[in-house]
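**Student:**
Residue numbers (UniProt numbering), protein chains in the order written: chain A, 1 to 796; chain B, 1 to 160.
#1: With 7 Å set as the bound, which would you pick, yes or no: does the beta-carbon of residue 446 of chain A sit closer than that to a beta-carbon of chain B?
#2: Since residue 153 of chain A is in the beta strand (DSSP E), which residue starts that stretch and which ends it?
#3: Would you say residue 54 of chain B reaches chain A, if we count a Cβ-Cβ gap shorter than 7 Å as a contact?
#4: List the endpoints of the continuous beta strand (DSSP E) containing residue 447 of chain A.
#5: Could you work out which residues of chain B lie near residue 463 of chain A, taking near to mean beta carbons separated by less than 8 Å?
#6: At which residues does the alpha helix (DSSP H) containing residue 71 of chain B begin and terminate?
#7: Judging by CA-CA distance, which residue of A/639, A/562, A/264 and A/163 is the nearest neighbour of residue 823 of chain A?
#8: Suppose the cutoff is 6 Å on Cβ atoms and the five residues either side in sequence are ignored; what does the same chain contact list for residue 629 of chain A look like?
#9: For a cutoff of 7 Å on Cβ pairs, would you count residue 185 of chain B as touching chain A?
#10: Touch check for the segment 368-379 of chain A and the segment 398-415 of chain A: three-plus C-beta pairs under 8 Å?
#11: So residue 35 of chain B contacts chain A; which residues on that side make the cut at Cβ distance below 9 Å?
#12: Rounding to the nearest angstrom, what Cα-Cα distance links residue 185 of chain A and residue 156 of chain A in this structure?
#13: Is the segment 474-487 of chain A in contact with the segment 440-453 of chain A, if contact means three or more CB pairs nearer than 8 Å?
#14: Could you tell me which uninterrupted alpha helix (DSSP H) segments, each at least 4 residues in length, are contained entirely in the UniProt domain "Sec23/Sec24 helical" (542-642) of chain A, listed from first to last along the chain?
#15: Would a check of beta-carbon distances place residue 4 of chain B closer than 7 Å to chain A?
#16: Shorter than 7 Å from the beta carbon of residue 229 of chain A to some beta carbon of chain B?
#17: Does residue 135 of chain B get closer than 7 Å to chain A when you measure Cβ to Cβ?
#18: Following the continuous beta strand (DSSP E) through residue 508 of chain A, name the residue where it begins and the one where it ends.
#19: Closer than 8 Å by C-beta to residue 330 of chain A: which residues in its own chain qualify, once you throw out the five before and the five after it? Chain order, please.
#20: Just the Cα atoms here: how many angstroms apart are residue 484 of chain A and residue 118 of chain A?
#21: In the DSSP assignment, find the unbroken beta strand (DSSP E) run with residue 213 of chain A in it and report its ends.
#22: Between residue 201 of chain A and chain B, is any beta-carbon pair separated by less than 7 Å?
#23: Using beta-carbon positions only, say whether residue 117 of chain B and residue 65 of chain B come within less than 7 Å of one another.
#24: To the nearest angstrom, how far is the alpha carbon of residue 366 of chain A from that of residue 321 of chain A?
#25: Does the distance from the C-beta atom of residue 660 of chain A to that of residue 670 of chain A stay below 7 Å?
#26: Count the C-beta pairs between the segment 186-202 of chain A and the segment 533-545 of chain A that are closer than 8 Å, then say yes if the count reaches three, no if not.
#27: Please state the DSSP three-state secondary structure of residue 136 of chain A.
#28: Any idea which residues DSSP pairs residue 464 of chain A with across the strands?
#29: Answer yes or no: do residue 466 of chain A and residue 552 of chain A have a C-beta to C-beta separation smaller than 7 Å?
#30: Beta-carbon within less than 7 Å of residue 10 of chain B's beta-carbon, same chain only, minus the 5 sequence neighbours each way: which residues are those?
#31: Using a Cβ-Cβ distance under 7 Å, would residue 478 of chain A count as near chain B?
#32: Measuring only the C-alpha atoms, how far is residue 711 of chain A from residue 705 of chain A?
#33: Tell me the DSSP secondary structure of residue 480 of chain A in three-state form.
#34: For residue 120 of chain B, which of helix, strand or coil comes out of DSSP?
#35: Start and end of the beta strand (DSSP E) containing residue 220 of chain A?
#36: Would DSSP call residue 321 of chain A helix, strand or coil?
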């Protein structure tokens, strides 16, 4: 058994990153032992990951920068082929050998995937034959073994297959007889262009349908201007080719269709008022070819905001509008983008307001987290069957029963966007966020009529899926649309003991139609070692992946059982795992709350989850906000989710170039990450908190005037405007540095976080303070009290 | 031959137990049908099959749902009859299953009109395995009770 010490951050920085100045010291790991020396180590030196940390005494547990994902304990020549942790991550990087060992460790086993992530380097292979295992249909990958030149052994089912003749020739190096040098066997992430056997119907074109709410409420918010302007700007960048189609539906108490047939002088509106039995007024020309009818589409987009200016309609027939959208898109499949600003009141799927404002701050159970009606779920299933995905944009100030409406997206592989209290005048920061998100939404890569299958080595099996899709079969997911911002999670169990196996592999294969009508298969393969001791399992634990998976599991539990059950389950997860560590792994018993170094952030993250909008009790939380937070926990990939769970706090009034990164000739300062506690704030400084969807810049009362003038452009503290959301672009070195830093933070995620500059008396100060997880509030424990509570429970 | 009320109860439960066994076997076959998607993996990736598959899953879930209430009510009827006939041993053997049914019925996901077997979550292997195990256990229990009722009926008829 190889025992390689861990503690290094992921080996290679992406190209373009060079460290400047004095590098900050992360976890100081010991030198990597070569395999031949490993046998001599005899456990005389505990790996860095298992270094015992007494959480009650060590205060500074956060690393200097980002938390690095753990590296699996594989030999170097295999590890360099392993899939990037940004795409494929496992909660335990060393897989237990038996289910009983996994149960003893009390840690969840699961995978977190981001399969369609935008990748800068993706090898694409066009091949007439795609080599797959004959029994389990696994794609050939870097972790198969070649028995001789003509045969290969599958790493998932161990069947020996023949290497086809065409595969022996390597087109990259123009050599023959070296199948292991081919790109399919050299990279863990690869994309195949599928040959015709994979196309059983002609690939569908890109079809986009926009369903817009035009009731009085909607026009009041002013969102129509933003949507139409954004579409006009990005019409040429919508992913697609010459076959791309587009269509529009607007609705209030009736449904309006737009005839955009080529040859008409202007778009023609057709109104259907029979919402009980929706029909499509004309058989074609409601969804038109974009390149042929571009002028008409542009005319419609320019006219749409004014058309409903004087409307007095207050009802909203969302259900019938969705049925109409489904009927329109059924023949081809595609994407429907639905914009809604109020509770649907008419027709099928009408909803009532179920939220009780007095229950918002309830310390006990939260009601109404489940859908009120089956209508949206059933419609989502119908859409999924016809390869239609529905994305929902909710821009409303009042309760909209997102728990019911969200179902239309959850089961049709769509996404939910939420802009609470959106208004073009009263809430300009939301407007900016909406504009930027819309631009990304319209121009990002998209895949149609997709299915995804996740395979694992014989002995492991997948038992629960988390994310937005329909589970068609025990390992097959139906995704009418796949987009680069969606994350998925699965939970696994060990059906048969993994004896005689050194490694197990996982493969995620995503078959989709690209927007240009090509059928493609994206394959990711990951390999992990098998271990049979508890200490090795703990050494390989990935604390962020465990937190992400537990969050998804807790969301499921709050919906099927109750929120209190979910909260208890989260606390018990950390109690059980630390208790097991203490009793079974630790050799010397000490006082205090002991945790291995790799899990030292676990109680902090669990406390952060308990205080997150999705799970908190005792603090007033609107029901829609809570439900949206739950959806984000299940939908967002892990790297975008972590700042939402545990915001990152930096001090920014004294940024230096020490340890800065140099990307594309810009110097990005790397300030130290601080604990989320008010004792780290100081009146003399300015602090930046990155909370995922929003970035706060807190200015202390006695902040240095040089920072204020050179970065914010104001002479003193009292001149800082109340609702500042933009940074002036000044020529000073501090301003350049600061804007580079914020730009770098923003680039790391596909949605646009709004910047809020907060003074001490600002209205947003409570939101900022709610993110101070380590502090006590009237309804929740402080971090230290939480640790004491854990210690008390463990030593029972 | 004493044709007591107890004997009559046992005769009736014998016949209805056959119906319960039939329901459970129907459930087992339905779960098996859910598990087998189209055999050919290339067929599974065919987009036109998606609609058929979803309709199939929904159809099977509807079927399963329709079997639930009759099964529970027949078993509830058994317990009622045994209570009226004074057959305490038999009643005691059936009480655990009655409590289990009550728990299942009231603990179902509160999701609109569905009693249970939700098409969106049924294909998760943990729920599917649980339902399959439940069906097999019930089949064993109903088979054993069938023979137990048969014996008890003869005993009730023969004894004075």
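Each residue gets a CB set at the ideal place from its N, CA and C atoms; glycine is no exception.
**Tutor:** Let me lay it out:
#1: For the purposes of this step, residue 446 of chain A is taken as residue 446 along the first chain, with counting starting at 1. By this cut-off, residue 446 of chain A is not an interface position.
#2: For the purposes of this step, residue 153 of chain A is taken as residue 153 along the first chain, with counting starting at 1. Residue 153 of chain A -> beta strand (DSSP E) spans 151-153.
#3: If you number the second chain from 1, residue 54 of chain B lands on position 54. It does: the Cβ of residue 54 of chain B has a partner Cβ on chain A nearer than 7 Å.
#4: The count along the first chain starts at 1 and reaches residue 447 of chain A at position 447. Per DSSP, residue 447 of chain A belongs to the beta strand (DSSP E) from 447-456.
#5: Reading the first chain from its first residue, position 463 is the one you call residue 463 of chain A. Here the neighbours are 124, 125, 126 and 129.
#6: The residue you call residue 71 of chain B lines up with position 71 of the second chain. Its alpha helix (DSSP H) spans residues 47-85.
#7: Residue 823 of chain A is absent from the model: chain A starts at 1 and stops at 796.
#8: By 1-based counting over the first chain, the position of residue 629 of chain A is 629. Taken in chain order, the residues that qualify are 613 and 614.
#9: Look at the range of chain B in this structure, 1 to 160, and you will see that residue 185 of chain B is not part of it.
#10: yes
#11: On the second chain, position 35 is the one that residue 35 of chain B refers to. What residue 35 of chain B touches in chain A: 473 and 474.
#12: On the first chain, position 185 is the one that residue 185 of chain A refers to. On the first chain, position 156 is the one that residue 156 of chain A refers to. Near 15 Å, if we compare the C-alpha coordinates of residue 156 of chain A and residue 185 of chain A.
#13: yes
#14: 543-560, 563-580, 602-610 and 623-635
#15: Taking the second chain and counting its residues from 1, the one referred to as residue 4 of chain B is at position 4. Judged by the 7 Å Cβ criterion, residue 4 of chain B is not in contact with chain A.
#16: For the purposes of this step, residue 229 of chain A is taken as the residue at position 229 of the first chain. No, no contact with chain B.
#17: Indexing the second chain from 1 puts residue 135 of chain B at position 135. Not an interface residue.
#18: Reading the first chain from its first residue, position 508 is the one you call residue 508 of chain A. Residues 503-514.
#19: Residue numbering aside, residue 330 of chain A sits at position 330 when the first chain is read from its first letter. Hits under 8 Å: 386 and 388.
#20: Here residue 484 of chain A corresponds to residue number 484 of the first chain, with the count starting at 1. Here residue 118 of chain A corresponds to residue number 118 of the first chain, with the count starting at 1. Cα to Cα, the separation comes out at about 6 Å.
#21: Your numbering for residue 213 of chain A matches position 213 in the first chain. Unbroken beta strand (DSSP E) run through residue 213 of chain A: 207-213.
#22: One-based indexing of the first chain puts residue 201 of chain A at position 201. Closer than 7 Å to some Cβ of chain B, the Cβ of residue 201 of chain A qualifies, so yes.
#23: The residue labelled residue 117 of chain B in the question sits at position 117 within the second chain. The residue labelled residue 65 of chain B in the question sits at position 65 within the second chain. Yes. Within cutoff.
#24: Taking the first residue of the first chain as position 1, residue 366 of chain A is located at position 366. Taking the first residue of the first chain as position 1, residue 321 of chain A is located at position 321. Taking the straight line from one Cα to the other gives about 31 Å.
#25: As a working mapping, residue 660 of chain A is identified with position 660 in the first chain. As a working mapping, residue 670 of chain A is identified with position 670 in the first chain. Cβ distance < 7 Å, so residue 660 of chain A and residue 670 of chain A count as in contact.
#26: no
#27: Counted from its first residue, the first chain places residue 136 of chain A at position 136. In the structure shown, residue 136 of chain A sits in coil (DSSP, three-state: anything other than H, G, I, E or B).
#28: Within the first chain, residue 464 of chain A is the residue found at index 464, counting from 1. Paired residues: A/491.
#29: On the first chain, residue 466 of chain A is found 466 positions in, with the first residue counted as 1. On the first chain, residue 552 of chain A is found 552 positions in, with the first residue counted as 1. It is a contact, given that the beta carbons lie within the stated cut-off.
#30: To locate residue 10 of chain B, count along the second chain from 1; it is residue 10. So the qualifying residues of the chain are 149, 152, 153 and 156.
#31: Translated into the one-based positions of the first chain, residue 478 of chain A becomes position 478. Yes, because at least one Cβ of chain B sits closer than 7 Å to the Cβ of residue 478 of chain A.
#32: Here residue 711 of chain A refers to the residue found at position 711 when the first chain is read from its first residue. Here residue 705 of chain A refers to the residue found at position 705 when the first chain is read from its first residue. So the alpha carbons of these two residues sit roughly 10 Å apart.
#33: For the purposes of this step, residue 480 of chain A is identified with residue 480 of the first chain, where counting begins at 1. Strand, per DSSP.
#34: For this step, residue 120 of chain B is matched to residue 120 along the second chain. Residue state, collapsed to three classes: coil.
#35: Counted from its first residue, the first chain places residue 220 of chain A at position 220. First-last for residue 220 of chain A: 216-221, but that is the alpha helix (DSSP H), not the beta strand (DSSP E).
#36: On the first chain, position 321 is the one that residue 321 of chain A refers to. Residue state, collapsed to three classes: helix.
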